[in-house]
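Enquirer: I'd like to ask you about the structure that follows.
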Amino acid sequence: MHLAILTPDPADETYAERWREAYEQYRIAFAAAGVETFASSWVDPWPADVDAILPLRAWGYHKRAMLWAERLADPPAPLINPAHLLRWNTDKTYLSALAEAGVPVAPTVFTDTLDQVILDKAFASLGCEQMVVKPAISAGSFQTYLLGKGEAAPDVPGLLMLQPYLDAVRGEGELSLFYFGGALSHAVRKVAVGGDFRVQPQFGGQVDAIVPTREMRALAETTLAAAPEGAVYARIDLIRGTDEDLKLMEMEAIEPDLYLGYSQGATSRFVRAVLAAI
Amino acid sequence: MRALPLIAAVLLLGSGIAQAAEKSAPRRAEPESAVEEDDGGLGALFHASTAAVRERLGDPDVSRAEGKGAFWTYRLPNCALFVFFHESPRGLRVTGASTGPRKRGEPPMTVQQCLATAVQFGSPN
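If you read the sequences in order, they're chains C and U. Take the first sequence: its position 86, counted from the start at 1, is 86 in our numbering, and no numbers get skipped. Take the second sequence: its position 82, counted from the start at 1, is 82 in our numbering, and no numbers get skipped.
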């Protein structure tokens with residue numbers, strides 16, 4: 001069996017060699033299961049003679065979202081996760097769809113343009129003193145800003161999402177639950193430290209394994225049940241809102257960091273879920 | 001004369017590495033039929049201008065300019081429609097489209113079926 005794992009655009013220096021280490025971990029894991037993998041840049045034509053395509057390292061898709069969407073239109077082999085889920089998950093307006101389906105989502109405003117008037121109105125409607133602003137198609141805190149009331153609106157083109165900054169990122173943290181083949185695998189919490197508001201390890205975020213509570217599982221599974229079907233892998237990111245209830249921050253089903261090293265057996269569970277889907 | 005065997009060894013080593021790289025690199029799929037060669041179910045909208053698309057479908061729910069192209073998203077009642085534009089001598093023109101579900105349980109639709117939904121329910125705006 002041959003599996004292509006999508007990797008970044010080699011011309012994008014943001015990712016330079018970082019992706020190789022991550023790809024190597026997957027290559028070794030799949031090789032142990034008798035599966036040969038190939039690294040294939042997502043910006044290149046699709047690879048041939050593969051049984052499935054895994055977009056796990058398609059870093060940078062958000063920078064060329066149109067090309068990404070075009071790539072998803074006609075893959076030569078099954079995509080895992082399926083193309084319809086990848087498309088749905090590309091644009092964070094999926095949060096609105098989930099909210100409409102009854103999932104408690106962190107308060108979010110979407111806007112095509114951002115000027116001071118719109119920003120001030122957003123502060124008023126969200127009822128917050130600090131706000132996180134980022135593109136609706138983004139990843140890894142790309143073009144993400146933390147603004148205080150009265151600060152100038154950043155010049156970021158395209159559809160933007162605005163969410164209140166929640167103190168919980170520095171306390172309880174962002175809670176991430178990982179589901180493989182629809183079953184809970186493991187969970188971690190990521191806490192922003194120092195002066196940063198971003199929880200990712202590359203920004204200094206502190207990561208710890210946790211045992212998810214019933215409350216966390218309930219929200220994660222409600223989210224999965226409301227999302228398009230077919231998720232072989234998904235990371236559900238939760239955070240506690242100002243009302244002390246857990247809210248959905250994001251559902252990541254394209255190229256999330258799966259934090260496999262934080263749970264014994266997680267890698268095997270992931271590999272089994274992928275192979276079961278092929 | 002002593003350098004020749006070394007050079008030969010280097011050349012052989014280089015070709016061996018190149019062969020190994022070739023062996024491990026995935027073969028690329030046959031070039032996809034350029035989107036332009038297949039209307040992908042778009043019918044009259046294939047190669048249409050942005051104005052023509054607006055006239056038929058209304059303003060998109062999301063529009064994104066990217067390089068010399070753009071793509072528009074329409075959230076239609078039973079499907080999401082993504083329309084791709086690329087620059088041409090006559091300005092931006094539709095080169096392709098794809099569809100996706102808007103919510104769980106929606107059956108997969110072709111571009112043609114999704115477009116028919118737009119016509120059935122009228123302009124989304």
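Where is the CB? At the ideal position from N, CA and C, for every residue including glycine. Computed from a predicted structure; not experimentally measured.
Going by C-alpha distance, which of C/M66, C/A266, C/V43, C/A11 is nearest C/I5?
Expert: Position 5 of the first sequence, counted from the start, is the residue given in the question as residue 5 of chain C. Ranking C/M66, C/A266, C/V43, C/A11 by Cα distance to C/I5 puts C/V43 first.
Enquirer: What residue from C/L119, C/P135, C/K134, C/A136 has the CA that sits closest to C/C128's CA?
Expert: As a first step, residue 128 of chain C is located in the first sequence; it is residue number 128 there, counting from the start. Comparing Cα-Cα distances from C/C128 to each of C/L119, C/P135, C/K134, C/A136, the minimum goes to C/L119.
Enquirer: Compute the Euclidean distance between the alpha carbons of C/K190 and C/A225, then round it to the nearest angstrom.
Expert: By one-based count along the first sequence, residue 190 of chain C stands at place 190. By one-based count along the first sequence, residue 225 of chain C stands at place 225. Each residue's Cα considered, the two are about 24 Å apart.
Enquirer: Given a cut-off of 8 Å on the beta-carbon distance, is the pair U/A80 and U/T50 in contact?
Expert: Reading the second sequence from its first residue, position 80 is the one you call residue 80 of chain U. Reading the second sequence from its first residue, position 50 is the one you call residue 50 of chain U. Going by C-beta atoms, U/A80 is not nearer than 8 Å to U/T50.
Enquirer: In or out: C/G171 buried (at least 16 other Cβ within 10 Å) or exposed?
Expert: Sequence index remark: in the first sequence, residue 171 of chain C carries index 171 (1-based). Label assigned to C/G171: exposed.
Enquirer: So which of C/P10, C/F180, C/W88, C/A231 has the shortest CA-CA distance to C/R269?
Expert: For the purposes of this step, residue 269 of chain C is identified with residue 269 of the first sequence, where counting begins at 1. Closest option to C/R269, Cα to Cα, is C/F180.
Enquirer: Under 8 Å, Cβ to Cβ, is there at least one residue of chain C near U/T110?
Expert: Working through the second sequence from its first residue, we reach residue 110 of chain U at position 110. Output row for U/T110: interface = no.
Enquirer: Counting only Cβ pairs nearer than 8 Å, list the residues of chain U close to C/A101.
Expert: Along the first sequence, read from residue 1 onward, the residue named residue 101 of chain C stands at position 101. Simply K103, R104.
Enquirer: For C/M279, decide whether its Cβ has a neighbour in chain U, counting only Cβ atoms nearer than 8 Å.
Expert: Lying before the first or after the last residue shown, residue 279 of chain C is absent from chain C, which here runs from 1 to 278.
Enquirer: Ends of the beta strand (DSSP E) at U/T73?
Expert: Translated into positions along the second sequence, residue 73 of chain U becomes position 73. 69 to 76 is the extent of the beta strand (DSSP E) around U/T73.
Enquirer: How far does the beta strand (DSSP E) with C/E244 in it extend, from its first residue to its last?
Expert: Residue numbering aside, residue 244 of chain C sits at position 244 when the first sequence is read from its first letter. Here C/E244 belongs to no beta strand (DSSP E), and DSSP marks it neither H nor E.
Enquirer: For the structure I just gave you, are there three or more beta carbon pairs, one from the stretch 62 to 79 of chain C and one from the stretch 135 to 148 of chain C, closer than 8 Å?
Expert: Short answer: they touch.
Enquirer: Just to make sure I have the definition right: I need the residues of chain U whose C-beta is within less than 9 Å of the C-beta of C/A226. Which are they?
Expert: Here residue 226 of chain C is taken as the residue at index 226 of the first sequence, counted from 1. Residues of chain U passing the Cβ test: K103, R104.
Enquirer: Does U/T73 get closer than 8 Å to chain C when you measure Cβ to Cβ?
Expert: Locating residue 73 of chain U in the second sequence gives position 73, where the first residue counts as 1. True, the Cβ-Cβ gap to chain C drops below 8 Å.
Enquirer: Taking 8 Å as the threshold (C-beta atoms), are U/R104 and C/P228 in contact?
Expert: Counted from its first residue, the first sequence places residue 228 of chain C at position 228. Counted from its first residue, the second sequence places residue 104 of chain U at position 104. Yes.
Enquirer: Find the residues of chain C that neighbour U/E66, judging by a C-beta separation of less than 7 Å, and give them in chain order.
Expert: Your numbering for residue 66 of chain U matches position 66 in the second sequence. Residues of chain C passing the Cβ test: R64, A65, M66.
Enquirer: With a cut-off of 8 Å on the beta carbons, I'd call C/L238 and C/L184 a contact; round off their distance for me.
Expert: As a first step, residue 238 of chain C is located in the first sequence; it is residue number 238 there, counting from the start. As a first step, residue 184 of chain C is located in the first sequence; it is residue number 184 there, counting from the start. With a Cβ gap of about 13 Å, C/L238 and C/L184 do not count as contacting.
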